[in-house]
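J.: Quick one: structure below, then a few questions.
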Amino acid sequence: MGIIGVPVAVEADLARGLPAFDIVGLPDSTVRESRERVRAAIRNSGYEFPLARITVNLAPAHIRKVGVGLDLPVAVSILAASGQVPARNLDRTAFMGELSLDGALRPVRGVLPGCAAARSSGSSCVVVPFENAREAQCVSGLDVIALGTLNEVTHYLSSGVAPRPVRNRPARPDSPESVASCDFDQVVGQDAAIRAIQVAVAGGHNLIMVGPPGGGKTLLASCVPSILPAMDDSEALEVTCIQSITGTVSPAGLARKRPFRRPHHTVSRAGMLGGGNPPMPGEVTLAHRGVLYLDEFCEFPPQVTESLRGPMEDGFITVSRSHGRVSFPSQFMLIASANPCPCGYLGDPERVCVCQGASLMRYRRRLAGPVIDRIDIQIEVPRVRRTDLEKPVAFLTSNSVRAEIEHARARQGERFCRKGSTNSAMSPRNIETAALLSSPARRLLLDAVDQMALSARAYHRLIKVSRTIADLDGAESVEEGHVLEALQYRVLDSEPQAVLSYG
Numbered sequence: 002m003g004i005i006g007v008p009v010a011v012e013a014d015l016a017r018g019l020p021a022f023d024i025v026g027l028p029d030s031t032v033r034e035s036r037e038r039v040r041a042a043i044r045n046s047g048y049e050f051p052l053a054r055i056t057v058n059l060a061p062a063h064i065r066k067v068g069v070g071l072d073l074p075v076a077v078s079i080l081a082a083s084g085q086v087p088a089r090n091l092d093r094t095a096f097m098g099e100l101s102l103d104g105a106l107r108p109v110r111g112v113l114p115g116c117a118a119a120r121s122s123g124s125s126c127v128v129v130p131f132e133n134a135r136e137a138q139c140v141s142g143l144d145v146i147a148l149g150t151l152n153e154v155t156h157y158l159s160s161g162v163a164p165r166p167v168r169n170r171p172a173r174p175d176s177p178e179s180v181a182s183c184d185f186d187q188v189v190g191q192d193a194a195i196r197a198i199q200v201a202v203a204g205g206h207n208l209i210m211v212g213p214p215g216g217g218k219t220l221l222a223s224c225v226p227s228i229l230p231a232m233d234d235s236e237a238l239e240v241t242c243i244q245s246i247t248g249t250v251s252p253a254g255l256a257r258k259r260p261f262r263r264p265h266h267t268v269s270r271a272g273m274l275g276g277g278n279p280p281m282p283g284e285v286t287l288a289h290r291g292v293l294y295l296d297e298f299c300e301f302p303p304q305v306t307e308s309l310r311g312p313m314e315d316g317f318i319t320v321s322r323s324h325g326r327v328s329f330p331s332q333f334m335l336i337a338s339a340n341p342c343p344c345g346y347l348g349d350p351e352r353v354c355v356c357q358g359a360s361l362m363r364y365r366r367r368l369a370g371p372v373i374d375r376i377d378i379q380i381e382v383p384r385v386r387r388t389d390l391e392k393p394v395a396f397l398t399s400n401s402v403r404a405e406i407e408h409a410r411a412r413q414g415e416r417f418c419r420k421g422s423t424n425s426a427m428s429p430r431n432i433e434t435a436a437l438l439s440s441p442a443r444r445l446l447l448d449a450v451d452q453m454a455l456s457a458r459a460y461h462r463l464i465k466v467s468r469t470i471a472d473l474d475g476a477e478s479v480e481e482g483h484v485l486e487a488l489q490y491r492v493l494d495s496e497p498q499a500v501l502s503y504g
């Protein structure tokens, strides 16, 4: 269910009567179609398909069975029930794989969560197609037998010897192609924006960049993967499980690079949140433990952007269908970029904005509201001036930025007694005690709430960002300077009146 595998027990019964082959236990159309694949695979592998009334039961019967991964266990259960293979080795062995008509095993999706479910149900061995071997090896405590044909499976069951034994090996690191090629040393004149991005990544804060075309918003976002901290084993397993059910597992096996998703602004609500029958993950789940980047944020349909509120707050998304509900994880960091107006030059000292008042107001309303209120860091990214291009610059590199982020993440892990926890996840109940605000910093925050008319949610988010800035500085408590920097990252809170008076 979702990215959590459910063990399915496959039972076969051969009874006297007119030859028939039925599969019961709430199978979908794909599973029902496996009858013909299994029949042909058994015959073409040199075995006899029983001329009997065959009933295959898939338990538990209340859960809908989907996918082609049940082909192999159905075939093995029929061969065992007819006495053509021994049944003694089946009680602690799990099987997954699609069968072609000639008996060859084809790779399937969902092997990783399936192997995890098999281990939890007491299986000590799993038989999978050879192409799924690396994926199956991500689950420890399970002997992986990777085979290529139904004949090899029956030979293994009869002799206990795998034709091609696969040893459990640690997953290889990501290939060089998967390493981010964009580095912050390619960015000129946007040191303030790089600092804001560093704060966002260090604390897991959502971020939006507003600025005219050509300011470097897309380049800045493209450099974010180069500073994301590495995932621990549990996070890597979660991400790989998602890749498993979508069929995008790397040949290296266990994922080590955090996802970076960049959907087009024409994406549908189902494409963003997940949907279909059976339900499949959307972009918010594919970005789990990574970054979801929405370029041209205001061009996305309002129903799509508004639907992000739930996943951003809850960390999961539930897709409901007539036959049940499925939950997918969605703990992602949102990065968005937008122009300040439809033409892109509102407030630019060198270009005149040509937007009409009504269209400008409609556009700016998309930069306000509940979703923007959930974005901790809001910054302006101005166009780079000629003077910035001419003067010598001490370029920031992704390596130096990432080193400071890792130190800040380590401090947060010690504070919350859990590796991977970030300041952005602090609950309102313990936020002020965990943040360690000094008295001057608290007074400054409360004054800002009055002057900027901030909501309680914005107030708490300011505390979280201030705490992250203090962690980057190596400070034990949050001081006034940290709060002042955090206040600079709320540019959209001070703009609405000026914008609404424009027209």
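In this text, residue positions in the sequence shown follow this note's numbering: the first is 2, and each later residue adds one.
C-beta atoms are modelled at their ideal positions from N, C-alpha and C, and glycine is treated no differently.
From a predicted model like this one, the values you see are computed outputs, not experimental measurements.
#1: Under the three-state reduction of DSSP, which class applies to Val320: helix, strand or coil?
#2: Can you have a look at Glu12 and say buried or exposed, based on whether 16 or more other CB atoms are within 10 angstroms of its CB?
#3: Would Ala1 and Ile464 be called neighbours here (beta carbons separated by less than 8 Å)?
#4: I'd like the span of the beta strand (DSSP E) that includes Val9, first residue to last.
#5: Name the two residues that bound the continuous alpha helix (DSSP H) containing Ser401.
#6: Is DSSP giving Ser502 helix, strand or coil here?
#7: Given a cut-off of 8 Å on the beta-carbon distance, is the pair Arg54 and Ala21 in contact?
#8: Could you tell me whether the region 347–364 touches the region 310–317, using the rule of 3 or more Cβ pairs below 8 Å?
#9: Determine the DSSP secondary structure at Lys465, reduced to helix, strand or coil.
#10: Among the candidates Val285, Ile406, Leu447 and Val128, whose CA atom is the shortest distance from the CA of Gly475?
#11: Distance check for Glu239 and Asp472, CA to CA, integer angstroms please.
#12: Identify every run of the alpha helix (DSSP H) within the region 99–158, keeping only runs that are complete inside it and at least 4 residues long; order them along the chain.
#13: How about the region 104–111 and the region 121–131: do they share at least three Cβ pairs that are nearer than 8 Å?
#14: How many angstroms separate the CA atom of Arg363 from the CA atom of Pro341?
#15: Is Ala411 buried or exposed, if buried means 16 or more other CB atoms sit within 10 Å of its CB?
#16: Report the rounded CA-to-CA distance for Ala76 versus Ser121, giving the unit in angstroms.
#17: If we call anything under 8 Å between Cβ atoms a contact, is Ile483 one with Ala442?
#18: Please look up how many angstroms separate the CB atoms of Ile378 and Ala197, rounded, as I've assumed it's under 8 Å.
#19: Of the residues Arg416, Arg444 and Lys420, which one's Cα is nearest the Cα of Ile432?
#20: Go ahead and label Pro171 buried or exposed: buried means 16 or more other beta carbons lie within 10 angstroms of its beta carbon, across all protein chains shown.
#21: If you run the structure through DSSP and keep just helix, strand and coil, what is Thr31?
#22: Check whether the Cβ atoms of Leu148 and Tyr157 sit closer than 8 Å, and answer yes or no.
#23: Using a threshold of 7 Å, is the CB atom of Gly254 nearer than that to any non-hydrogen atom of the ligand ATP?
#24: For Asp494, count neighbouring Cβ atoms within 10 angstroms of its own Cβ and tell me buried if that reaches 16, exposed if not.
#25: For Tyr294, which residues does DSSP report across the bridge?
#26: By a C-beta neighbour count over all protein chains shown, 10 Å radius and 16 as the cutoff for buried, is Thr241 buried or exposed?
#27: Hey, how far is the Cα of Asp296 from the Cα of Glu314?
#28: Between Leu100 and Asp72, which are expected to be in contact by the criterion C-beta below 8 Å, what is the C-beta distance as a whole number of angstroms?
#29: Work out the CA separation of Gly316 and Val353 for me, nearest whole Å.
#30: Mapping the DSSP letters down to three states, classify Ile5 as helix, strand or coil.
#31: Give the secondary structure of Pro282 by DSSP, where H, G and I count as helix, E and B as strand, and everything else as coil.
#32: Taking the C-alpha atoms as reference points, what is the distance between Val162 and Val32?
T.: Quick answer:
#1: strand
#2: exposed
#3: One cannot answer for residue 1 here, as it falls past the ends of the chain, which runs 2 to 504.
#4: Note, Val9: premise wrong, no beta strand (DSSP E); not H, not E.
#5: Ser399 to Phe417
#6: Note that Ser502 scores a pLDDT of 37, beneath 50, so its modelled location is shaky and nothing firm can be said.
#7: For Arg54 and Ala21, yes; Cβs fall inside 8 Å.
#8: Under the three-pair Cβ rule at 8 Å, the region 347–364 does not count as touching the region 310–317.
#9: helix
#10: Ile406
#11: 27 Å
#12: 112–121 and 134–137
#13: They touch, by the three-pair rule.
#14: Taking the straight line joining both Cα atoms gives about 12 Å.
#15: exposed
#16: 23 Å
#17: Checking the sequence, you will find His at residue 483 rather than Ile. Going by C-beta atoms, His483 is nearer than 8 Å to Ala442.
#18: The pair is a contact, with the Cβ atoms about 6 Å apart (cut-off 8 Å).
#19: Arg416
#20: Its pLDDT being 47, under 50, Pro171 is placed unreliably in this model, and the coordinates cannot settle the point.
#21: helix
#22: yes
#23: Questions concerning the ligand ATP fall outside what the structure shown contains, since it holds no ligand whatsoever.
#24: buried
#25: Ile336
#26: Buried, by the Cβ-count rule.
#27: 21 Å
#28: 4 Å
#29: Using only the alpha carbons, I get a separation of about 42 Å.
#30: Judged by DSSP in its simplified three-state form, Ile5 adopts coil rather than helix or strand.
#31: It is a strand residue.
#32: Within the model, the alpha-carbon separation for Val162 versus Val32 is close to 29 Å.
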